[in-house]
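See below for the structure under consideration.
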Amino acid sequence: MSTTHFSEIDSSAQSIRFLDEKARNVVLFLIVSGVFWLLFGSLLALLASIKMHAPDWLGQWSFLTFGRVRPLHLNTMVYGWASMTGAGVALWLLSRMLRVAIPMRPYIAGVTVIWNLALVVGSFQILAGYTRGIEWLEFPVSTMIVIVWCILVIGIAAMLMLFNRNVQTLYVSVWYLIAAFLWLPLLGGVSSLPIFNTPTVQAGMNWWFAHNALGLWFTPIGLAAAYYFIPKVIGRPIYSYGLSLLGFWGLALFYNWNGFHHLIGSPLPTWFITISIAASVMMIIPVIVVAVNHHMTIVGSFSAVKYSPTLRFVVFAAMSYTFVSLQGSIQALRSVNEVIHFTHFVVAHAHIGMYAFVTMMLFGSCYYILPRLTNWEWQSGKLIKLHFWLTALGIILYTFPLQVGGVLQGLAMNNPDITFSDTVTMTIPYLITRSVAGVMLTAGHLIFAYLVIRIVARVGLRPAVPESWNPKLEEARS
Amino acid sequence: MIRNWILLFGIVAMFAAAMVGLTILPKIVVDPRVEEVDFGNTFEIVQGHAIYVREGCIYCHSMQVRPEGFGADFERGWGRASEVEDYRNLTPHLLGTMRTGPDLSNIGARQPSADWHYTHLFQPRSMLPGSIMPPYPWLFEVVNEDARPGRQGINLPEAYRIPGKKVLPTDEARYLVAFLLSLNQETPGVD
Amino acid sequence: MLLEQSISVSAGIWILLLFSLLIIVSGIALFSWAWLSGQFDDINKGAQLPFTEEEPAGEPTDQLFKPEEETHSDK
Chain F
3 MSTTHFSEID SSAQSIRFLD EKARNVVLFL IVSGVFWLLF GSLLALLASI
53 KMHAPDWLGQ WSFLTFGRVR PLHLNTMVYG WASMTGAGVA LWLLSRMLRV
103 AIPMRPYIAG VTVIWNLALV VGSFQILAGY TRGIEWLEFP VSTMIVIVWC
153 ILVIGIAAML MLFNRNVQTL YVSVWYLIAA FLWLPLLGGV SSLPIFNTPT
203 VQAGMNWWFA HNALGLWFTP IGLAAAYYFI PKVIGRPIYS YGLSLLGFWG
253 LALFYNWNGF HHLIGSPLPT WFITISIAAS VMMIIPVIVV AVNHHMTIVG
303 SFSAVKYSPT LRFVVFAAMS YTFVSLQGSI QALRSVNEVI HFTHFVVAHA
353 HIGMYAFVTM MLFGSCYYIL PRLTNWEWQS GKLIKLHFWL TALGIILYTF
403 PLQVGGVLQG LAMNNPDITF SDTVTMTIPY LITRSVAGVM LTAGHLIFAY
453 LVIRIVARVG LRPAVPESWN PKLEEARS
Chain L
278 MIRNWILLFG IVAMFAAAMV GLTILPKIVV DPRVEEVDFG NTFEIVQGHA
328 IYVREGCIYC HSMQVRPEGF GADFERGWGR ASEVEDYRNL TPHLLGTMRT
378 GPDLSNIGAR QPSADWHYTH LFQPRSMLPG SIMPPYPWLF EVVNEDARPG
428 RQGINLPEAY RIPGKKVLPT DEARYLVAFL LSLNQETPGV D
Chain E
946 MLLEQSISVS AGIWILLLFS LLIIVSGIAL FSWAWLSGQF DDINKGAQLP
996 FTEEEPAGEP TDQLFKPEEE THSDK
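Protein chains in written order, with this note's numbering: chain F, 3 to 480; chain L, 278 to 468; chain E, 946 to 1020.
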């Protein structure tokens, strides 16, 4: 065997290539759908960002007003890009680690079609003004239920894989992924119930949901990818498996309770909010555990980071996770929250979480998964590097100045001697910086989309062996 | 197989505990406090609330006043601290998380002029030059000066006037302003 | 009003106490089950799970930027 093309490799059931071949269509469908929503969401993000400092631009059309474009940006990024690509990555990871082919493939393809349609319908609904009006849940309940149902079907496939697996022990990534597939349908179901009809109670449900959508759906998927790709790419097992389990149960125990730190100072009974503050601070434990584990695994292998497109993104994302989580624990303290609540600081914080952590992790996962699914090579290493630097520097340029501006805005807002309109005008330089960063991020997304189209359509040069795979694999084995 | 079930049970139990704690318990504690309050929401206010939601005002305006001594909400004239009884059971809730614009809990007392609100909604910069609030021209009709005799157009400053035209608020603008004017935190609280 | 509030606060404390007791007891129960049934006997065995005969440990994968033609320094 001199090459590792499908025709020549071991295709017995449970072999990696066999599993990848079975996974190919459904995972590619989910990832490509996600990339489409990434581009659409980026366009909305640019619109919303520019409207923040040029409010009259496109101001005559109701469907392009800031109050509709901004929620649609969030919803397409969260339920389109991150959820779809995340579900595809999760299915692929489960197939690899449980050594079983993805089941229910026609159903998964079917629900992906329905999921896309629901997102299209939901987009029209929000732009036309038929919003549910709850942050992170702007899609009307009927649309949201369809999306949750789609994820539930994919989750059933994940459970089938768990119970039909061909390995004895479960790797820690599997724990995270199984948890994610249980938690999101539960979250989506409960948040759609019509029982939260008291405004303040609904606000509590709102932030319980919104924080858990990140903490119990995207974070587990991102951490599962990190726990798989870091050891896999550098070829060294995780530093401490025991620590990773501690991290998992710590996250499950504390993250669930975090949501009410968004409501500090609100009229909800204070003891609920205090529980959330305590739980937010306790999150330091699982975060430090994960950070130590990843760092001790990578240390000494930084050349692998340099040479691997996947690991660049994954390491950047893992570092962002540590940073954003520790920042979140500090933000939850009342004295800090008094300043930064209601400011652009929190917006920047959310983007470190959803972008610098989740999105970068998904980019890295795609760079590993797609060559193996398509048996093709990435078009250009230079473009991958450009994508990395545009998005990495772009998100730093987005978040760092905006957080500085947010703190200044918060301090000014808490000083009654400064007029309110001054707290608005002082943020405009930071908002313009954000638009510049947004252009960089969008350029990175366009490059990524181009690369994905090239590799999925399998056009361009075809090397004898995809270089993303281990070119020395054959020698190592013989 | 028992390990599978213990894992799944643990995952769901962690979730269920927090779900009870953060969604069901607040409902049990808060709901009795708002049961018997007389809300007195008129048709205009309910419609105006829906338009406030539709246009996404919540993404820049909070509607919750923090207690005196926690932030400068009180000093800015936004009223006393909000209480669960203040929200008059209009859902979706409008507590909000951003103050790109000022808190609106007390806007009816701070700016009781409907004419000001109409002009400000049509073109915020005609009232507040540095504002970054979007304009809402679709809540207004621009008609010829001589159309609809007896109805006076909104009072725009010279720079924003359209020659030969007058600007009339539609019903939607009337509802929205009725809702805004109903927001008043000068009233004594329940506690 | 003050009375009602104090009732709701103390009720909250009891609920929290019972709840935390429940969580602590079930946590101890699960931990002792895990310990007694030998879940911790070989804790680091799981770390080897991502590696197989096809892709063994010890060899980095995904080294796209390794080849020599990448001359310009970029990191």
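All C-beta atoms in this analysis are idealised placements derived from N, C-alpha and C, irrespective of residue type, glycine included. From a predicted model like this one, the values you see are computed outputs, not experimental measurements.
{"Check": "Taking a Cβ distance cut-off of 9 Å, strictly less, list which residues of the region 957-978 of chain E are near chain L, in chain order.", "Outcome": "G957, I960, L961, F964, L967, I968, S971, L975 and W978"}
{"Check": "Sort F:A451, F:I457 and F:M442 by Cα distance to S51 of chain F and report the nearest one.", "Outcome": "F:M442"}
{"Check": "Does the Cβ of G206 of chain F have 16 or more other Cβ atoms within 10 Å, making it buried, or fewer, making it exposed?", "Outcome": "buried"}
{"Check": "Could you pull the DSSP bridge partners for N258 of chain F from this structure?", "Outcome": "Answer is none; N258 of chain F lacks a bridge partner."}
{"Check": "In the DSSP assignment, what are the bridge partners of L445 of chain L?", "Outcome": "L:E418"}
{"Check": "From which residue to which residue does the alpha helix (DSSP H) around M284 of chain F run?", "Outcome": "T272 to M284"}
{"Check": "Taking 8 Å as the cut-off, does the region 452-461 of chain F touch the region 364-383 of chain F (at least 3 CB pairs, one atom from each stretch)?", "Outcome": "yes"}
{"Check": "By Cβ distance below 7 Å, which residues in the same chain neighbour Y357 of chain F in space, the five residues on each side in sequence not counted?", "Outcome": "I397"}
{"Check": "Using the Cα positions of I287 of chain F and N258 of chain F, report the straight-line distance between them to the nearest angstrom.", "Outcome": "14 Å"}
{"Check": "Looking at chain L, which residues of the region 208-223 of chain F have a Cβ within less than 9 Å of any of its Cβ atoms?", "Outcome": "N208, W209, W210, F211, N214 and L218"}
{"Check": "Could you pull the start and end residues of the alpha helix (DSSP H) that N214 of chain F belongs to?", "Outcome": "P201 to A215"}
{"Check": "Between which two residues does the alpha helix (DSSP H) containing T319 of chain L stretch?", "Outcome": "From DSSP, T319 of chain L is part of no alpha helix (DSSP H); its letter is neither H nor E."}
{"Check": "Quick one: what does DSSP say G446 of chain F is sitting in, helix, strand or coil?", "Outcome": "helix"}
{"Check": "Any idea what DSSP makes of F344 of chain F, helix, strand or coil?", "Outcome": "strand"}
{"Check": "Which same chain residues end up closer than 6 Å to P311 of chain F when comparing Cβ atoms and leaving out the 5 residues on each side of it in sequence?", "Outcome": "Y369 and I386"}
{"Check": "For G348 of chain L, which residues does DSSP report across the bridge?", "Outcome": "L:G346"}
{"Check": "Less than 8 Å between the C-beta atoms of L189 of chain F and A215 of chain F, yes or no?", "Outcome": "yes"}
{"Check": "Report the CB separation of I104 of chain F from M163 of chain F in whole angstroms; it is logged as a contact under 8 Å.", "Outcome": "7 Å"}
{"Check": "List the residues of chain E whose Cβ lies closer than 7 Å to the Cβ of T171 of chain F, in chain order.", "Outcome": "K990, G991 and L994"}
{"Check": "For M340 of chain L, which of helix, strand or coil comes out of DSSP?", "Outcome": "coil"}
{"Check": "Does the region 113-127 of chain F come close enough to the region 184-201 of chain F to have 3 or more Cβ pairs within less than 8 Å?", "Outcome": "no"}
{"Check": "Which residues in chain F sit within 7 Å of F399 of chain L, going by Cβ to Cβ distance?", "Outcome": "Those within 7 Å of F399 of chain L in chain F number zero; the least Cβ separation is about 11 Å."}
{"Check": "For R336 of chain F, tell me which candidate among F:L399, F:M285 and F:H264 has the shortest Cα-Cα distance.", "Outcome": "F:H264"}
{"Check": "Just tell me which of L:A327, L:L299, L:M291 and L:V307 has its CA closest to the CA of D448 of chain L.", "Outcome": "L:A327"}
{"Check": "When the distance is taken between beta carbons, is E140 of chain F closer than 8 Å to P73 of chain F?", "Outcome": "yes"}
{"Check": "With a threshold of 6 Å on Cβ separation, who are the neighbours of V71 of chain F within its own chain once the five nearest residues in sequence on each side are excluded?", "Outcome": "L46, L49 and A50"}
{"Check": "Check whether the region 362-373 of chain L touches the region 191-210 of chain F, taking contact to mean three or more Cβ pairs, one atom from each stretch, closer than 8 Å.", "Outcome": "yes"}
{"Check": "By alpha-carbon positions, which one of L:V454, L:G333 and L:A294 ends up nearest to F320 of chain L?", "Outcome": "L:V454"}
{"Check": "Out of L:R331, L:R357 and L:F417, point me to the one whose CA is closest to Q341 of chain L's CA.", "Outcome": "L:R357"}
{"Check": "With three or more beta-carbon pairs closer than 8 Å as the criterion, would you say the region 221-237 of chain F touches the region 162-179 of chain F?", "Outcome": "yes"}
{"Check": "Would a check of beta-carbon distances place P379 of chain L closer than 8 Å to chain F?", "Outcome": "yes"}
{"Check": "With distance defined between alpha-carbon atoms, name the residue in L:L445, L:A391, L:N461 and L:R310 nearest to W355 of chain L.", "Outcome": "L:N461"}
{"Check": "Could you name the residues of chain F that G298 of chain L contacts, counting a contact when the two beta carbons are closer than 8 Å?", "Outcome": "W259, F274 and I277"}
{"Check": "With H, G and I counted as helix, E and B as strand and the rest as coil, what does DSSP make of M410 of chain L?", "Outcome": "coil"}
{"Check": "Over the uninterrupted alpha helix (DSSP H) stretch that includes R460 of chain F, give me the two end residues.", "Outcome": "Where R460 of chain F is concerned, there is no enclosing alpha helix (DSSP H), given that its DSSP letter is neither H nor E."}
{"Check": "Rounded to the nearest angstrom, what separates A451 of chain F and L172 of chain F at their Cα positions?", "Outcome": "34 Å"}
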